[in-house]
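Protein chains: 2
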Amino acid sequence: MEIAIRDIKGHAGEVVTVKGWLYNRRKSGKVQFLLIRDGTLPIQAVAFLPDLDPASRDALKGLTKESSLEVTGLVNLDERAPGGAEIQVREVRLVHLADPYPIAAKEHGPDFLMDNRHLWIRSLRQSALLTVRAEVIRAAEEFLHEAGYIRFDAPILTPAACEGTTSLFEAHYLYDQKAYLSQSGQLYAEAGAMALKKVYTLGPTFRAEKSKTRRHLTEFWMLEPEIAFAGLDHITRLAEELVSHVVQAVLKRRPTELKTLERETASLEGIAPPFPKITYSDAIEILQKRGSSIAFGQDLGGEDETLLSSQFERPVIVTHYPAEIKAFYMKRDPENPGLAQCLDMLAPEGYGEIIGGSVREDDYGTLSERIEEHQLPRESFEWYLDLRRYGSVPHAGFGMGIERVVAWIAGVKHVRETIPFPRLIHRIYP
Amino acid sequence: MEIAIRDIKGHAGEVVTVKGWLYNRRKSGKVQFLLIRDGTLPIQAVAFLPDLDPASRDALKGLTKESSLEVTGLVNLDERAPGGAEIQVREVRLVHLADPYPIAAKEHGPDFLMDNRHLWIRSLRQSALLTVRAEVIRAAEEFLHEAGYIRFDAPILTPAACEGTTSLFEAHYLYDQKAYLSQSGQLYAEAGAMALKKVYTLGPTFRAEKSKTRRHLTEFWMLEPEIAFAGLDHITRLAEELVSHVVQAVLKRRPTELKTLERETASLEGIAPPFPKITYSDAIEILQKRGSSIAFGQDLGGEDETLLSSQFERPVIVTHYPAEIKAFYMKRDPENPGLAQCLDMLAPEGYGEIIGGSVREDDYGTLSERIEEHQLPRESFEWYLDLRRYGSVPHAGFGMGIERVVAWIAGVKHVRETIPFPRLIHRIYP
Numbered sequence: 001m002e003i004a005i006r007d008i009k010g011h012a013g014e015v016v017t018v019k020g021w022l023y024n025r026r027k028s029g030k031v032q033f034l035l036i037r038d039g040t041l042p043i044q045a046v047a048f049l050p051d052l053d054p055a056s057r058d059a060l061k062g063l064t065k066e067s068s069l070e071v072t073g074l075v076n077l078d079e080r081a082p083g084g085a086e087i088q089v090r091e092v093r094l095v096h097l098a099d100p101y102p103i104a105a106k107e108h109g110p111d112f113l114m115d116n117r118h119l120w121i122r123s124l125r126q127s128a129l130l131t132v133r134a135e136v137i138r139a140a141e142e143f144l145h146e147a148g149y150i151r152f153d154a155p156i157l158t159p160a161a162c163e164g165t166t167s168l169f170e171a172h173y174l175y176d177q178k179a180y181l182s183q184s185g186q187l188y189a190e191a192g193a194m195a196l197k198k199v200y201t202l203g204p205t206f207r208a209e210k211s212k213t214r215r216h217l218t219e220f221w222m223l224e225p226e227i228a229f230a231g232l233d234h235i236t237r238l239a240e241e242l243v244s245h246v247v248q249a250v251l252k253r254r255p256t257e258l259k260t261l262e263r264e265t266a267s268l269e270g271i272a273p274p275f276p277k278i279t280y281s282d283a284i285e286i287l288q289k290r291g292s293s294i295a296f297g298q299d300l301g302g303e304d305e306t307l308l309s310s311q312f313e314r315p316v317i318v319t320h321y322p323a324e325i326k327a328f329y330m331k332r333d334p335e336n337p338g339l340a341q342c343l344d345m346l347a348p349e350g351y352g353e354i355i356g357g358s359v360r361e362d363d364y365g366t367l368s369e370r371i372e373e374h375q376l377p378r379e380s381f382e383w384y385l386d387l388r389r390y391g392s393v394p395h396a397g398f399g400m401g402i403e404r405v406v407a408w409i410a411g412v413k414h415v416r417e418t419i420p421f422p423r424l425i426h427r428i429y430p
Numbered sequence: 431m432e433i434a435i436r437d438i439k440g441h442a443g444e445v446v447t448v449k450g451w452l453y454n455r456r457k458s459g460k461v462q463f464l465l466i467r468d469g470t471l472p473i474q475a476v477a478f479l480p481d482l483d484p485a486s487r488d489a490l491k492g493l494t495k496e497s498s499l500e501v502t503g504l505v506n507l508d509e510r511a512p513g514g515a516e517i518q519v520r521e522v523r524l525v526h527l528a529d530p531y532p533i534a535a536k537e538h539g540p541d542f543l544m545d546n547r548h549l550w551i552r553s554l555r556q557s558a559l560l561t562v563r564a565e566v567i568r569a570a571e572e573f574l575h576e577a578g579y580i581r582f583d584a585p586i587l588t589p590a591a592c593e594g595t596t597s598l599f600e601a602h603y604l605y606d607q608k609a610y611l612s613q614s615g616q617l618y619a620e621a622g623a624m625a626l627k628k629v630y631t632l633g634p635t636f637r638a639e640k641s642k643t644r645r646h647l648t649e650f651w652m653l654e655p656e657i658a659f660a661g662l663d664h665i666t667r668l669a670e671e672l673v674s675h676v677v678q679a680v681l682k683r684r685p686t687e688l689k690t691l692e693r694e695t696a697s698l699e700g701i702a703p704p705f706p707k708i709t710y711s712d713a714i715e716i717l718q719k720r721g722s723s724i725a726f727g728q729d730l731g732g733e734d735e736t737l738l739s740s741q742f743e744r745p746v747i748v749t750h751y752p753a754e755i756k757a758f759y760m761k762r763d764p765e766n767p768g769l770a771q772c773l774d775m776l777a778p779e780g781y782g783e784i785i786g787g788s789v790r791e792d793d794y795g796t797l798s799e800r801i802e803e804h805q806l807p808r809e810s811f812e813w814y815l816d817l818r819r820y821g822s823v824p825h826a827g828f829g830m831g832i833e834r835v836v837a838w839i840a841g842v843k844h845v846r847e848t849i850p851f852p853r854l855i856h857r858i859y860p
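Listed in order, the protein sequences are those of chains A and B.
Using our numbering, the first residue of the first sequence is number 1, and each one after it goes up by one.
Using our numbering, the first residue of the second sequence is number 431, and each one after it goes up by one.
Structure follows, in structure tokens:
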């Protein structure tokens, strides 16, 4: 019977067939220890050569790393083995003999690995990372569905920018029209919230920024909930509950992958609401005390974020930034119009901003002025202004950067490993 | 207590507050019947003017369609009311008085409605449609998760085309590089399947086709499962089970929305595996008998699809098309090399192709030849060929077009209504 390695423990004492790839091999006299991966988990298959038929022994000869094969054998439970079981091989069938595999156990530079990303993802570490990514998205959507949110897909090809016209990728549309690749689904999600109350967008977003940091990709995925009749308190609570749910779901469902990643999980286990909440003013004060040269009115840089988040064991929520350093659509604080009703969430352990959100300006006249102040092309925003002409309501939302959340939960330094095929300033291949 | 209208039946006899928009109003002497929508469902609120305080009576004066408001009142169960309940109004608070609403009950042309898509989605019919769309995607992912599939996000910005270089949108990348918007996540999903066995991509895809039909969008969403160690039987079974699950989930969870859409559901209730399966040859024979002028070797046009699917009550699966009219990566039938090991699924009731898939060519030499035959830029496909150099395995997958599935299940003629902000050959606004 053919089985997935993930299910092997349920087949103790049975003869099964697994189909996969040779990950590693160790020989000791007449015994060969094959580490087989099938995409669900790796398993050790122990082959005692004298017990095998000639065809199987032939198949084992000259077997290269990543060759594909089918192994049939008896399942023995063994606590010490990875996955808790091993296979006592009875038969081996070669599917395809791999050319000498370019990725070796030795250290390769990041460029080489990125050139071979289509193969690199087969490594147990990269596979575990991408599995954690999938679980993060699944858990986040599951949480939103349970809470009554409706998925609302925003368009990628758009006539204008959400946050200004710099850092936009331009595309040729049909009939010589120009289009831009979306930087955020938010404006569209706002229209969605007026129709469906609680919505979220989930999709790729694009920034043509020449930022070469470990936290930036030019193409990255965002999850953006947007809620009608909601304010800052509402999205603050949603953000901390969402993030906590995601962390706990990954801990529960992907322990093997976190182990493969050598992720220290004690710090994740404590992630639960409420998260610490400070204002931007508090943040500046803390940072200055800790030696940062930041001044009130400046945005937090990557180093400031790291320094600030290192003061807390849970993600920290920073609210009420100066309106001037935030986007045009953010609603001001009625008690202090110099500040925006906004929040950023910074992950612990130096992973930086994972969430940014705000209450949206819902007054037609005020929003109209902001669009002028920011010198945005008004004709592209007429439809957005309409949302304030026809039954405007208080509303708020945020964006969660998938790759940064995955980097934090998986404990990897660079976001480029948290997406199957990262797009970086110098890279669109493979 | 503030509640969502969807939950109102659980609050019979209680005084609740709903926040939403005025959808419609009918006056009869001292009684006003307000139809309020809050994005979850509509509800009728009955206001007896003499019972209201002056502020509430003021709020009701001159109230326009789509004005936002908060209504507090007593919940009465009433079988005849939409949603099974109505509210006996005690207090009305105006949130925002809408300008005269541009979309009236009268018939508008499609251009006008599309220009106002950001408002049109508030109509009960469009909201229901988008809710069905969300449920289709949720149900599809849920099915794949249960079956052990891992989400694997393919890039949008790519160096080359999946199915040839025509009908590609070009984008300006950084440093004067050219990039193209992905037509399909498939090639990347194949790399994913070699790493994670069973994967799927879900995201927007792009075709710069000047097709002005009711089945085409330039930006549309695809769900693309890809499976290592699988053949045509495997994906055929997966396709029919996936589609059946989606249909049954929508019927079960969104009966109110299907009712709003006036969808006749009897034909959907019978959607269950197995689906009828015919070969391309059979299809040509059936079509010719029914009067089509199609000849063997030609691809099925929209009218052929409609004619063919009208012969069946369930979706019909058509396999083994001539390889020449199919994509370069499809594996030929070993018993008849002129045919591809492929499948298309056509929805009933004339909704056309909703799924297209195939076994993939897994032999390096053969694939290499095909790339040359199709005059594809080989350097862009080196990574794809690598998948056949290093442990190649039989594998297969398909793509399901989200908008077409939604159009069929919801019973709407044109796919432009099945996505929040459709992109058509002449439209990228709003």
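Every residue gets a Cβ at the ideal spot worked out from N, C-alpha and C, and that includes glycine.
Residue i, DSSP secondary structure in three states
i: Gly-578 of chain B; result: coil
i: Met-194 of chain A; result: helix
i: Arg-370 of chain A; result: helix
i: Phe-381 of chain A; result: helix
i: Arg-207 of chain A; result: coil
i: Lys-19 of chain A; result: strand
i: Ser-612 of chain B; result: coil
i: Gly-831 of chain B; result: strand
i: Arg-215 of chain A; result: coil
i: Ala-601 of chain B; result: strand
i: Ser-674 of chain B; result: helix
i: Leu-424 of chain A; result: strand
6 Å CB neighbourhood of residue i in its chain, flanking five on each side removed
i: Ser-68 of chain A; result: Trp-21, Val-95 and His-96
i: Pro-204 of chain A; result: Glu-219 and Trp-221
i: Asp-53 of chain A; result: none
Exposure of residue i, with buried meaning 16 or more beta-carbon neighbours within 10 Å
i: His-804 of chain B; result: exposed
i: Ala-485 of chain B; result: exposed
i: Arg-378 of chain A; result: exposed
i: Phe-542 of chain B; result: exposed
i: Tyr-149 of chain A; result: buried
i: Pro-860 of chain B; result: buried
i: Gln-718 of chain B; result: exposed
i: Asn-546 of chain B; result: buried
i: Gly-192 of chain A; result: buried
i: Arg-467 of chain B; result: buried
i: Arg-510 of chain B; result: exposed
i: Glu-733 of chain B; result: exposed
i: Arg-290 of chain A; result: exposed
i: Ile-121 of chain A; result: buried
i: Gly-831 of chain B; result: buried
Contacts around residue i, its chain only, beta-carbon distance under 8 Å, and the 5 residues preceding and following it disregarded
i: Val-246 of chain A; result: Val-136, Ala-139, Ala-140, Phe-143, Val-405 and Ile-409
i: Ser-309 of chain A; result: Pro-315, Val-316, Leu-346, Ala-347, Pro-348, Glu-349, Gly-350, Tyr-351 and Gly-352
7 Å Cβ shell around residue i - same chain, five flanking residues per side excluded
i: Arg-853 of chain B; result: Leu-647, Thr-648 and Glu-649
i: Leu-471 of chain B; result: Ile-435, Arg-436, Gly-513 and Thr-686
i: Lys-30 of chain A; result: Phe-48, Leu-49 and Pro-50
i: Ala-323 of chain A; result: Met-330, Arg-332, Gly-338, Leu-339 and Ala-340
Cutoff 8 Å: residue i Cβ touching any chain E Cβ
i: Thr-561 of chain B; result: In the displayed structure, chain E is absent; the protein chains listed are A and B.
Give, in chain order, every unbroken run of the beta strand (DSSP E) that is at least 3 residues long and sits entirely within the segment 690-755 of chain B. 707-709 and 746-749
Could you name each continuous beta strand (DSSP E) segment of 3 residues or more that falls completely within the segment 491-578 of chain B, going from the start of the chain to the end? 498-507 and 515-526
Quick check: the segment 452-460 of chain B against the segment 493-507 of chain B, are there 3 or more CB pairs under 8 Å? yes
I want to know whether the segment 665-674 of chain B touches the segment 769-778 of chain B - three or more CB-CB distances under 8 Å. yes
Using a Cβ distance threshold of 8 Å, determine whether the segment 518-538 of chain B contacts the segment 810-818 of chain B, with at least three qualifying pairs required. no
Would you call the segment 650-665 of chain B and the segment 595-605 of chain B touching, i.e. three or more CB-CB distances under 8 Å? no
Taking three-plus beta-carbon pairs below 8 Å as touching, is the segment 177-191 of chain A in contact with the segment 252-266 of chain A? no
Restricting to runs no shorter than 4 residues, where is the alpha helix (DSSP H) found entirely within the segment 31-62 of chain A? 54-60
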